[in-house]
Every structure is written in C-alpha cells, then in structure tokens.
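K.L.:
Protein chains in written order, with this note's numbering: chain A, 1 to 375; chain B, 1001 to 1375; chain C, 2001 to 2412; chain D, 3001 to 3412.
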C-alpha cells in the first residue's frame, strides 16, 4: 500500500493579491520562518508520503527557489521525492489556456497520475495551516472502502464566511450526503471542507477521464454532487487546530494566532511531526542591552535593539535603537531604522523603513508594504 | 574568481520538430544513453562550474524529469547547483509573450543574472556535441581582457549550410572583426560560432539593460555587430570534435558518427572529463546464443537475440529472434518483434514494432517513428 | 522524528578468505559481480525494493573500498536526512576500544544506532549472497506469526545440507531445532542468513550474549540456539527464488554464469525488481565489425572487437581483435590484447592480458578456474595454466621467463 | 574524475578532557557553542566558504554524536558525489589493525583518502577552535611563497605565549624556529593549528615519521621540527581576526560571551561569512509578556517568560516565569523552571533545573563557573555552589538531601 501526494500551489492566489504578485500562494511567508506550503509538505512527509507533486501554473520561481532539491524535507529522491508539475505549454499546439479550478488542474496532470504506481492519492491545498496525521485519513479511507474521503473540521459557521468555504453534510456512518456553499446557510456548527482529501487512484483516474470526455470543469458540482448517492464518499473529522488563509485579514489574524501558546503547541510541538522549512543558516537572534520585547514570536537571525510588542518577526529582521514595533508582521530582512514606529503593519521581504518613519494601519486593515520597498 | 553557466534549452526546437513535439531540444536522446543537454552540463561540471541555470520556455517536463535533483551531475546543491529557469508568467499582468531569440531569453532572466555573484557567465546552447574544457576559454577571456569571448571551430563551410550557422572573422590577435551568416558566403575554411561564449557578467548586464531600454531582440545584429570595433570581443579556437544538430539528418548522421572510434574517443574518453547522464540502473546487455552484432553502439539494459548492424541502440531495447536491424537508431525501450526488419529507421521512446514488420527509410531520409507508437 | 518500523543491519565484515586474491585488498561484499554490480548491491537493493530505508552496514576489514563504494548512499536512493545507509565501524568510547568480535558483537556494539530509530523490528542480513527477495513479505509473515525471530530458509539437497545451518520445523513452520553445519542433517531447510527479530528480544539476547564469556558472539552459533533454548517463538520463512552463496571462486563463477541464457536462472532484466548499483560515466559499449558475441553479458564502456562466448564482462573491458574470451568473468577495466585467449577464468579488475597470452584451458578439459589478480600486466605470450592463481609472486616467474626469452632473442 | 586542488583533513579526535563533563559522551568538536552551533561547524564552514569541498574528518574517540551530526554533510552542502565530507575512522587491513596513535599517524593512515583526489595541497585543521578564516587567502600565500608548509599564526601576548606553539620568523615570514609551549618564548606568534602542506612533502614526512619509532606522531612535536631541521621552506601566515581555543570551561564560556554586545568581538551576523550548521525543525522563539531579555543570544524553539541577561541560549530552551538566567550558557532542550536562578554557569543539554533552584553565584563574587551535566534533572530548590561540577554522583547527594527534606515534610 503506497500513497502519493499532490499539492495545488496557485488555486487561491486571488485571495491575497497583496502578497501573490510575484509568488504563488504556496510560497507566501508565514509564522516567522515558514512558507505556507511547508505545512502541506511536512504533513505529507510526516505521514510517510515521499512522492509529492506540486501543481504550478504561474509565478512559481519563488516556489522553486524555496523547495530547491527538496533536501530540507528529505524529499531529494531518485525515485519519488518532490516534483514541480509545471503547466503544459506546447510550442506547437499554441495551447495557452491555463486552469482555473482544481479539476482543470488535475486534468492537466492526468499523464502524471496514470504513471504513478501508488494506490491512493492525497490532494491538498497549499494554504492549510494544521499539523495533521494523514495516515489516519488514509486508514479511515481504507476501512470505509471509500472512493473519496474528505477531511473536515467542525466549525461555527456564520453567514459572511469566505465564499470558497464548503460545508459537508454526512450521515451517522460518516457517508457524505451533501456538499454546500456557505452563503446560503444559517449560522451554527458545521463540518467544513479542509480541502484535504484522499482518492483511490483508480477512481480518481476514472472521474478525470469522465471530466475530459464531458468537458467538466468543477469537481464538486459536475462530479461529486452528481454521484453522491451512487459512490462511497466519506468524511474524516479532524480535531486539531486548523485554519486556512482566505484574505489578507485572515493572513494577519492567523499569524497573530501563533502568539497563543496552545495553538503554537498544536502546530509545532507534536511528537514525531515537526514542521520543516528551508534551512537558511541564520545565527541566533541577538538582543542588545536596552532592547524590550514582549508577547512576540521571533525567528533566528534578527538583531533587536528597540522595542517589539505583539509582533511576528521573520529571519534577519533588524529593529534599530528606539524603534517601536507593535502588532506588526515583519517579513524576512526587513530593516527598521532608528526611532521608527510601526503599528499594524505588514512588511514584505527586504523592506527598508527609514529612520524616524511612523506608519500605522489598523487591526481591521493592516498596512501592507510591498517587497523591496524603501519607505 | 567564479563562473556561472546558463544553458538555452529551447532555442533550436524548430530544427527537429519530429523529436521536439513533447520535449525540449535539450532533452532529445542521443548516443545510446545521453540527452543532448548532458554535453553542455558535463562540460560545465568538468570545468568546475557548479552553478548552472537552464532557461526553459515550453515542453520542459521531460527536461525536469531528466535532471531530477541534479545529483547525477553532482549539481544537487544547497547553494548553486542546477536551476530550471521557467518563463515568467504572471497571473496579473497576463503577460504571455514568450521569447524567440537568445537575447529575449536573457532579458527574461535579468533578475537572476543580477542576483548572481559570479564574475563570468558562460552561455551555452543545448545542442552542442563536444567535450570542451571551458576553463580554458575563461582563462583566455581573462588574459585578453575581453568583454565577450566566443568559442569557434574552424570548419570547411559550403553554401548550403544551416541558416543559423554564423561565421566569425577575427584579426591576428583573435579580436573579432565581423560576424556573418553563411548563405552569403563563398566556400572555404572558416571559424564558425559554436554558440558557446563567455561574458564578463557586468558587461552582460550592461548590454541587457541597453536591450531592454531600446527593445532590441537580436544579440548579434542589434548589439554585437554595432559595438564590434568599440568593445573587446575575442574568439577562442577549439580544436576537438564539435558538431551541433540542425536537422533530423544532422541528428541521424551525428549519431552514426559515434561508430567512429576517434570521434568516440574525443567525446567520451577524455581524462577527468566524462560525460554524465541520468542513472537508470539498467543491467548489462544480454546477448543470447545466435545473436549477431557488428559495428554498433549499444547501451546497457538491452537483450539481443537477433542481428544488429551499423546501429545505435539505447537502453532497454529488445531485438527478438531473427530480427534484422540495420543503419537504425532505436531509442529507449524500443521492442523489435521476431523477424522484424528495419533499415534507416529512427524509433522514439517506447516504440513497439510487431513481429514480422519490415520498415525502411533511406540514409538521406530516415523513417522517424513517434514516441509510444505501436507499428 | 518519526520512528522506523524496521531497520536493517547488514553484516559486511567478512574477509572472505576463500575468494583468495579477490579479497586481498577489499572486503568480500565489495567483490564485483554480474558485470556492473558488487555483491553488497543485492541485499542493499532488496532493502530499498522492500521499502526499508534505514540500513546500518557493519564493517571493519578493509572497509575503504566499501566505504567509498557506498559513499552517501545516493545510488540506492539512501542519501536520506533521516535514515538512509550508514557505515558503522568500530570506535573508541571513553573507557573501551573494541574491534568487532563476531557478528552478534558487531550488532551489540551498534545498539545505539538501532535505538536511535526505535524500530519494532530489526533485520539482520549478511553481505555475501546473491538473491532478490521481498523482505516486506517476510516481515509480514513475522508479524502474522507473532514471532520473536524469523529465519529465511531455502530448500537444499541433502548432500549440500551439511554446509549450512539446518532448521527443523513443525507444520506451522515454527522452528524446533537448529543445527549448524550438521554431519547428519535432519532436514533440508537451510538458513539463508536473513533474520527478522523483534527488537526488544534481539536486544535482550545480545546483552545476555555479551555477558556470556563462553560465547563466540555469532548469530548462528550463539544467539539462535540461546533463543531456541529459552523457548522463544522462532519461525522459518520459506524462500523459493534464486539464492546463492558466493563464498568460493567456483560458486562466484557459477553465479555469474547463472545470469546468461535465453531464460537465465537469475534474471537481472526484470524491471519490477531492479538491482541498484553505483553507475560510472561510461559510454555505450561498441561492437566491432568482426566481433562475435554469444550468450554473454556486456556492460557499458566495453570495446569488443574479438570473440566473447559464455562470459560476463564488466564496464570498460576491451577485447582486441583476434582475442577470445570464453566461459570467463572479466572485471572492470581489463584489456585482452590481440589474439590472447582467456578460457574458464576470472580476471580481476584493471588487468592487462598481453597479446598472444593463453590464460586457462577449455572448460571441458580444465582442472580448475584460473584467477588473475587486480592490476597485473601479463606480458605477451604468457601461458597461465588452468587452476593457477596469478599474483605478484607468480608474476616474477613470468618476468624471469621473459628475460630468458629476450636472451634467446639476443642470441639469435 | 577531476583532481582537487586542495583537500582538507580535519583532526576531530580530541577527547578534550579539560572540558570535563561536557566531553564525557561526545568528542570535543561536537560540543555545543553559540546557541546553534557545534565547535566543528567553524572549521567546516571555513572550508566551504573558502571553496574547499573535500574534507576528511579524522575521529576515533566517541565518534557517534559527531558521525550523526555530520551525517552525509548535507547541511554544509558537502553531500557531493565526488568529494564532500567523509568521516575517517580507524580500520583493519589484512595484516594490521591500528587505532590512531597521534595527529600525524591519523593522517598517515588515511593517505589513501588524500591520494584518491590527488590534490596539490593538503590543509590540516584542528577541530577545536572558534574562528572565521578564508583558507583560500592562506593557500594563495602558500603558493606565492613556493612554500612546502605554511602555518597560520596569530599574535598573542607574551604572557600567554607559553601555552602555544611559538614561531620565530624572518622579515619574509619564513619560519626560522619553532618552540612547542616554550618556557621562554622567543616571539609572540602562536600557531593556530592550521597548516597548508604541499602534498608530496607532507607524504614524504609522514612516511619518514611513521618509520621513526621515537616519534610521538604529532604535527607540532614531530613533523614541523623534522621539516625545519631538513631545511624545507616553511612560512607563517598572519591571521588578524578573532580566534579562540575553547579547550577549557573558562575559555568556552568566554568565547560564548564574545558573541554578545552591540558590536560583538565575534560577529555571527555577518552575511558574507555565514557559519553553516545542522538546523533542526524548531519553531520561532517566543518572548512572553513579562519577559526581560538583555544582551543575549536566543535561538529558535525557545520560550522565554522569565529574565535572560548576558547569556547564550540554544534551541528549545524554556525559561519559565520568575526564573533568572544571567552570565550563563544554556544548551539545547533545557528547562529553567519557575523562580530558579542560574548564574555564571554552563548547563549542558536536556537538563531540567527545578523550580526555586539556585545554580552558581553572581559572577562578580563567584569562585568559578558551575557546570551541570547533560540530561540531569535537578529537583526543586537545589543549591549548586559556584564552581561545582554536577554529575550523576553529585546528584545522589541531592536525592539524599531531598529525602531528608521529605522526611522533614513528613515530620511536619
């Protein structure tokens, strides 16, 4: 019994245009030292899935840089390992139409899926933030003799949830009875789709060939909903911390979530299931005399001379003397000059804030400063 | 003093449409066990260039499969190593225009070149078949204080040569005085451009920024020819075996060239400069009783029961009993059934020739059979 | 980090003295086999093909070639960040400095390696057999039987049985008796030297064995009998495929010959169980216009212009025109010069057989396999009799006889 | 394969007995330093940053941790197919089985490794110094001088000079005299234990030295004097940067403190010469709402809720609220429980300092650095006096006193 993984790297790019101008959703920096895809990749590796394809489409140079040979996830393999699956662009067919939906993305890699020898395929979005033992879903999938098992998280759903959140309804035995979109729905505890699922590979190939023949483009509506009573689809209910990133506000909030010990613990402190990321060989962070830091998360490689409160500092951030950083997210190599004051600011990589600048967003609308900007 | 390499993988795809439908020129199989890019890559590695970018454009999945992590060329590095440089496709700009010329390809990787720290850049086409010590060109480049050094090979040129062959004229000191295209020229010994050159990186960046500003698209005509008397461009004359692949006839002939001991020797038997390729773990080739092979080159992994003459057999080819293969090139995993007769045939990968089939091309027009065909 | 379900310990320490010249400078598992392999490729590939990705290779005798061959494990896809293949040599601790005293002691001294991965099962393998086996199936049988130890066995003829460890089993394949090289074998089930142990039991018996001063610290002689004596659950696992101990010159030759034929006894070409090995950057092999090749294995890098029949040629062998190689194993980098004849012989790597030499005799009439040591250069027209072992000392004779020849020349 | 211009041999065999408890179970080069490093990271990173990609690490004492730490060399980008980092342990050849008898003997036994790459130059490095150095510049000087051997030197005070190998040089930096730990030093140029040799000369003197029965097989004591005596060209190469021998508890502590400050004596944050090390998958460090951190290095995986002043904390250290860590080095995975105070101490990895413990004394008044061994659990309210070395034996006292305490509790 073997399992291969497939990760979608671009599906949700439109959700956070502020951060995906030059990169995929998968390669958005998150939580001081990670990129979003690190969660999906680490979950795969920690569940002994060592054959992972990443479906890409555009803007994937930064993703390729992040992954490199795959060594940092122990995925630099001769057989299996990690493979970038670029869009198929042929010089002769002139075919330039690029996929928009998951189903279209999967149709583009049918050959790859056919060539695999694995029994099961785990499909996973790149923006899921959780530490999940996928082997449990697979065991559940096998035990229930499912064609498809969707991981769900019971959540209190309110009307204005992100439009791409799906609610899964199931019977007492966990068999899926309906798949719904939120805006139509009343408030209350519901099982929401984590966008992590297990397919029996032969079944996946079958529905993909159907989809090609009939020119289907939506997995849920064109295929799953139609077959929901005929085929065996099950849920797997996940209990741990789970969130995904549907907007820049989500991005801000879920970074700040990490200041909560329990959430940090559920994500990063699980025995035998660490979250891996690219190694950057930063030295430990140096605090000098007179620095003051409270309730903050700080990566290696920083130099802290000023004051930092309720903030998330990525690798190589420098906070100069008398600077005061509050409620902010400073990505890799941000430099805050002397006497800088920041409140509710998100700086992308390599931003320079000149001496004395005062910038402030609001918790409901953080101020995003683009990559390489000098302010 | 450090050097980085850049290889163009798609530039000449149009020359051999028969074999580039589903792959880049760089990944065309050649010489029983290689892909064309193996020569450029091995030349780089053997000259201690461990930082190699491969500019791709379309159809590069097979190239990525061939290269894998880069381990087989000792290029699986944390810093440097081999990097695929995919075309920049942004979701937002909708920019889908893909390059046609070398200069356009280079303009697409200006950021990459700026980010490098190396002093010199070796640019190399992917279809050059030679075993060349690039460090000698670099030494020559440094000694002559050149901005650009082009490797040339003295060749007897006739009028009907491939249109993309350039002739380089130079003075007694090797300084380039003119760059010409062949069709205009009389027959005779000339220095032809090997499409291997060394740029001082700062100079390359300068002309690229010019090219961007002025929207130049042709390196030779828009830039080099204009500056030929102002800037220091030199030739480096290479003495060993050199050829490139400009047509399917070239492809056929240069494969057959390898049956010549001296050419094989110049390519594969150079001390400290082996040609590397992807490891496939094929067992040794098995000859059974009654097989008959003459003047042929055979990779590992074949099973020979029939007769093979003047042919090139790639890994995993099977020639069944009473089959007679003459003057042919059989790529990876071709299966020739009982009593098959082939003459002047090129089979792409995974072709099956059924029992008793007789196929024949001519030396001036080999019969090409597409990938995965069953005849 | 994740635990590993099963860790393999590969005993590669054997000096292999019955392979004479072939193991003077390298350990037996590093001996060349089948054109492009070394013996250790077979157990290593079995591990990889069975999904076991953590392998400790225990070695102390002439480990240099083996260390270099295995390197970081990259050819076997065992260059892992966590797990992979590791060479385990003896070492000094703060109070102790010990060479390995036996197979059991070698594992005992490396219990820390096993503990690091905290596996449930430990496979113990020896590095000197040629076979393809799915260890995973054996492990499954071990689990199903709830065994403490499972020993892979193969049916041998009653005549051969006294050369092996012989197991008696009941109808459930539970082992009732173990005899090491018995004079009167009670069964024909021979141990293949492939064991699965439940880790805790293995640890217990290794520690007990270490404290036993009378023990020879050997798996077959000490650990297995001790476990049987104590009433642990030991099972046999029957293996039906090809398996060959290549501990002698004759068996090494035979195993090479088993690779040949229309349907070889041992098929290397089966794509489902590929044998992995370190590949060198050799060009394809070339077959000349007058060459004759029949029933042979030819590896990349060879140049064949003469005749090769019933033979196995490793990478980079040159057979010049007029030369004949028959019923022989030629290791990598050898040159068989013009009109030389090599018959029923094993020629170690990088050897030069001068033109006109005659090495060995037609197999039908020969009294034994001739052997030529690594790196020698036989001068022209030498004659090596059947069964001869040509090493440096032997070479002095040739040189002497050569001088005599040149004197003769001078006299003429 | 290509030759290598220069191969480095890193002597990592030292037991480092002056580091007491820290080196009971690991070799000195594996001792933790500067939050996320081990001592060997410095010479290894120097090699990589100087473009030397082939490094043999010679080790025989407690090599397990070092072997595991170095692994396949991947963190240093030294997991090469050709070259890279290789651990070289002693081994048995067909007639000989030798442990390394000295630094020179260790290299002598591994000449085969050097020969394989056939370099022109060999660097010999020791694995117990903290410094960043461009070996390439030293190699260039060696070439320019046409030297047979070049020794890196650093200026020391005349008082310290008697602890080092001291070199006298002429105006061209050619070495005229070498004194090993002289009572009356003739100069203040101390050998850093970093050598460049031209390979052929090195080989010649190693072979001569091996045959000399009176030799102690040491570079400083035997090889260098022999070369000087024979009139070979030996040059000094002056190094001006930070360099520190961390062979004692005090110097190890001082070197850690040298990483602190607005402008540290030794700057780890210089991006041009990054120190590479094996990174573990730790989350970012968290600083609590009541935490105070001043003039310290904090590594990923830490949770700081108490006070940390003038200290270096490795990955995964927890400082609970109310706890105070001052002038100390805390190695990975330690927990300093509530209200515990650690002052002027080195706490080895995975140690638990119970709540209310007082370890060491304020540096100003302390009589020495306190040391707590790897993996111990100090019960609550223990007092460890300044200069104490807490190991398992020492712990028995605590347990006893603890029992007494609980008796008291019971009495109450």
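Backbone N, C-alpha and C define an ideal beta-carbon position, used for all residues, glycine too.
Every value quoted in this text rests on a predicted model; they were computed, and no experiment measured them.
With contact counted as at least three CB pairs below 8 angstroms, one residue from each stretch, are the stretch 1127 to 1135 of chain B and the stretch 1042 to 1049 of chain B in contact?
P.N.:
The stretch 1127 to 1135 of chain B, when compared against the stretch 1042 to 1049 of chain B, does touch it at the 8 angstroms Cβ threshold.
K.L.:
Residue 2356 of chain C bridges to which residues according to DSSP?
P.N.:
Paired residues: none, contrary to the question.
K.L.:
For the stretch 2336 to 2354 of chain C, list every residue whose C-beta sits within 7 angstroms of some C-beta in chain B, in sequence order.
P.N.:
Answer set for the stretch 2336 to 2354 of chain C: empty.
K.L.:
In whole angstroms, give me the CA-to-CA distance for residue 175 of chain A and residue 3319 of chain D.
P.N.:
Computed Cα separation, rounded: 48 angstroms.
K.L.:
In whole angstroms, give me the CA-to-CA distance for residue 375 of chain A and residue 341 of chain A.
P.N.:
Straight-line Cα distance between these residues: approximately 12 angstroms.
K.L.:
Taking all protein chains shown into account, decide if residue 1059 of chain B is buried (16 or more other Cβ within 10 angstroms of its Cβ) or exposed.
P.N.:
Classification for residue 1059 of chain B: buried.
K.L.:
With distances taken between CB atoms, is the gap from residue 3124 of chain D to residue 3219 of chain D smaller than 8 angstroms?
P.N.:
A contact, by the Cβ cut-off of 8 angstroms.
K.L.:
Should residue 1061 of chain B go down as buried or exposed, given a rule of 16 or more other Cβ atoms within 10 Å for buried?
P.N.:
Classification of residue 1061 of chain B: buried, given that the 10 Å Cβ count is 16 or more.
K.L.:
Go to residue 1266 of chain B, then tell me how far its alpha helix (DSSP H) extends in each direction, as first and last residue.
P.N.:
Unbroken alpha helix (DSSP H) run through residue 1266 of chain B: 1261 to 1268.
K.L.:
Give the range of the beta strand (DSSP E) segment to which residue 1338 of chain B is assigned.
P.N.:
Neither: residue 1338 of chain B is in no beta strand (DSSP E) and is coded neither H nor E.
K.L.:
So, are the CB atoms of residue 3287 of chain D and residue 294 of chain A less than 8 angstroms apart?
P.N.:
The answer is yes: Cβ separation under 8 angstroms.
K.L.:
Return no unless some Cβ of chain D is closer than 8 angstroms to the Cβ of residue 1001 of chain B.
P.N.:
Cβ-Cβ to chain D under 8 angstroms: no for residue 1001 of chain B.
K.L.:
Return the first residue and the last residue of the beta strand (DSSP E) that residue 149 of chain A is part of.
P.N.:
Where residue 149 of chain A is concerned, the enclosing beta strand (DSSP E) stretches over 148 to 157.
K.L.:
Return helix, strand or coil for residue 1044 of chain B, following the three-state DSSP convention.
P.N.:
Note: residue 1044 of chain B maps to helix in three-state DSSP.
K.L.:
Look up residue 3285 of chain D in the DSSP assignment and give the residues it is bridged to.
P.N.:
Looking at the DSSP assignment, residue 3285 of chain D forms a beta bridge with A:298.
K.L.:
What residue from A:313, A:53, A:76, A:127 has the CA that sits closest to residue 246 of chain A's CA?
P.N.:
Comparing Cα-Cα distances from residue 246 of chain A to each of A:313, A:53, A:76, A:127, the minimum goes to A:127.
K.L.:
By the three-class DSSP mapping on this structure, what secondary structure does residue 2271 of chain C have?
P.N.:
If DSSP states are grouped into helix, strand and coil, residue 2271 of chain C belongs with the helices.
K.L.:
Taking only runs that begin and end inside the stretch 3044 to 3114 of chain D, name each unbroken beta strand (DSSP E) of 3 or more residues, in chain order.
P.N.:
The qualifying runs are 3054 to 3058, 3084 to 3088.
K.L.:
Starting from the beta carbon of residue 1294 of chain B, find every residue of chain C whose beta carbon is closer than 8 angstroms, and list them in chain order.
P.N.:
Per Cβ cutoff of 8 angstroms: 2287, 2288, 2289, 2290, 2291.
K.L.:
From residue 84 of chain A to residue 306 of chain A, what does the alpha carbon distance come to, in whole angstroms?
P.N.:
Cα-Cα distance, rounded: 42 angstroms.
K.L.:
Report buried or exposed for residue 2262 of chain C, applying the criterion of at least 16 other Cβ atoms within 10 angstroms of its Cβ.
P.N.:
That one is exposed.
K.L.:
In terms of residues, what are the limits of the alpha helix (DSSP H) holding residue 457 of chain A?
P.N.:
The structure shown does not extend to residue 457 of chain A, since chain A is modelled only from 1 through 375, so no value can be given for it.
K.L.:
Whole angstroms are fine: how far does the CA of residue 74 of chain A sit from the CA of residue 1067 of chain B?
P.N.:
When rounded, the distance between both Cα atoms is 18 angstroms.
K.L.:
Considering Cα atoms alone, identify which of A:177, A:203, A:268, A:243 is closest to residue 234 of chain A.
P.N.:
It is A:177.
K.L.:
For residue 1092 of chain B, decide whether its Cβ has a neighbour in chain D, counting only Cβ atoms nearer than 8 angstroms.
P.N.:
Below a pLDDT of 50, predicted positions are generally treated as unreliable, and residue 1092 of chain B, at 41, falls in that range; the measurement from the model is reported next regardless. Residue 1092 of chain B does not count as touching chain D.
K.L.:
Between residue 1339 of chain B and residue 1322 of chain B, is the Cβ-Cβ spacing less than 8 angstroms?
P.N.:
Yes. Within cutoff.
K.L.:
Where are the beta strand (DSSP E) runs, 3 residues long or more, that stay fully inside the stretch 2122 to 2199 of chain C, in chain order?
P.N.:
Complete beta strand (DSSP E) runs here, min 3: 2129 to 2131, 2149 to 2155, 2165 to 2169, 2175 to 2180, 2189 to 2198.
K.L.:
For residue 3407 of chain D, which residues of its own chain have a beta-carbon under 7 angstroms away from its beta-carbon, when the five flanking residues on both sides are left out?
P.N.:
Confidence at residue 3407 of chain D is low in this model, with a pLDDT of 48, below 50, so its placement is unreliable and no value can be given for it.
K.L.:
Starting from residue 188 of chain A, trace the beta strand (DSSP E) in both directions and tell me its first and last residue.
P.N.:
Counting along the chain, the beta strand (DSSP E) containing residue 188 of chain A begins and ends at 188 to 200.
K.L.:
Taking C-alpha atoms, which residue in C:2335, C:2303, C:2309, C:2128 lies nearest to residue 2059 of chain C?
P.N.:
Of the candidates C:2335, C:2303, C:2309, C:2128, the one whose C-alpha sits nearest the C-alpha of residue 2059 of chain C is C:2128.
K.L.:
Output the boundary residues of the alpha helix (DSSP H) element that contains residue 1178 of chain B.
P.N.:
Careful: residue 1178 of chain B lies outside any alpha helix (DSSP H), inside the beta strand (DSSP E) at 1176 to 1181.
K.L.:
Three-state secondary structure (DSSP) at residue 1242 of chain B?
P.N.:
Of the three classes helix, strand and coil, the one that applies to residue 1242 of chain B here is coil, per DSSP.
K.L.:
Taking 8 angstroms as the threshold, find out whether the stretch 3182 to 3191 of chain D comes into contact with the stretch 3142 to 3153 of chain D through three or more Cβ pairs.
P.N.:
Yes: the two stretches touch, three or more of their Cβ pairs being nearer than 8 angstroms.
K.L.:
Taking all protein chains shown into account, do 16 or more other C-beta atoms lie within 10 angstroms of the C-beta of residue 2270 of chain C, making it buried, or fewer, making it exposed?
P.N.:
Classification of residue 2270 of chain C: exposed, given that the 10 Å Cβ count is below 16.
K.L.:
On the criterion of 16 or more Cβ atoms from any shown chain inside 10 Å, does residue 189 of chain A qualify as buried, or is it exposed?
P.N.:
Result: exposed.
K.L.:
Tell me whether the stretch 3343 to 3357 of chain D and the stretch 3322 to 3329 of chain D touch, counting them as touching only if at least three CB pairs, one residue from each stretch, are closer than 8 angstroms.
P.N.:
Enough Cβ pairs lie closer than 8 angstroms, so yes.
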